[in-house]
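Numbering (the numbering used here), first residue to last: 400 to 643. Note that CB positions come from ideal geometry on N, CA and C, so glycine has one too. Keep in mind the model is a prediction, meaning the values are calculated, not measured. Data block below; observations after.
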């Protein structure tokens, strides 16, 4: 039996959409980075660092880069906890994407009529920092989610947190916990106490505007909020988490 012309047309449209979606997903998958090398290799640079270099040169400035890699065991437990409280309280439980936080963020964005919150986990932020860009377009976000799941599948949680704490931006040209600790407090990352840890964690939300050495009222409020939460169960110690 021959289908009516409108039905055939609708079927063609649906088939075209399905083919386009499949092609897009195939492209995204085939162009994803190989994260397995991160098991043993520390990244020499990141997409965000390269972006800052291009921005500086475009503005006629010499790029600034202060970095010093530090092993996970040599990062203050207070700093780890402060960052988890501030950025990803469910880090030890989720598998790269916190669906509850994502739903909450999407609902808030919908209510405001604009994209303001990303609901990103630390693993997603690491994926973005290492391989992507600050863009909020849907394709970039899709790549971020897939890379985050790959990171979780290939790396231990402690390694993901180690990578994150060593590559994130903590000011103009300041990257990682060791550089931040020495730049702002003149001590190694291993020696950061609770108050300074909370100050550094509070600055992550906008590291190029919030300076831990000269804290604004907004930064001080965030620091106190994080300090208040550091004694809660928002970010359980890794000792209770069974590593993969």
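With 16 or more other Cβ atoms inside 10 Å of its own Cβ, residue 495 counts as buried. Going by C-alpha positions, residue 592 is about 7 Å away from residue 475.
In its chain, beyond the 5 residues on either side, 495 have a beta carbon closer than 6 Å to the beta carbon of residue 548. Shortest Cα-Cα distance from residue 598 to any of 482, 521, 535, 441 involves 482.
Contact between the segment 522-529 and the segment 553-567 is established, with three or more Cβ pairs separated by less than 8 Å. Looking from the CA of residue 609, the closest CA among 573, 469, 453, 630 belongs to 573. For residue 456, the uninterrupted alpha helix (DSSP H) run begins and ends at 446-457, by DSSP. If only complete runs of 3 or more residues are kept, the segment 456-488 shows no beta strand (DSSP E) anywhere. Counted as a single uninterrupted DSSP element, the alpha helix (DSSP H) harbouring residue 523 occupies residues 521-530.
When C-beta atoms of the segment 455-468 are compared with those of the segment 573-589, three or more pairs fall below 8 Å, so the two segments count as touching. Residue 573 carries a strand assignment under DSSP once its states are collapsed to helix, strand and coil. Going by beta carbons, residue 437 and residue 553 fall inside the 9 Å limit. Shown here for residue 471: same chain residues with a beta carbon closer than 6 Å to its own, the five before and five after excluded, namely 557, 561 in chain order. Nearest in C-alpha terms to residue 629, of all of 579, 531, 432, 479, is 479. For residue 544, the enclosing alpha helix (DSSP H) covers residues 537-553. Just so you know, the alpha carbons of residue 533 and residue 627 end up roughly 30 Å apart. In the DSSP assignment, residue 598 falls within the alpha helix (DSSP H) that extends over 593-602.
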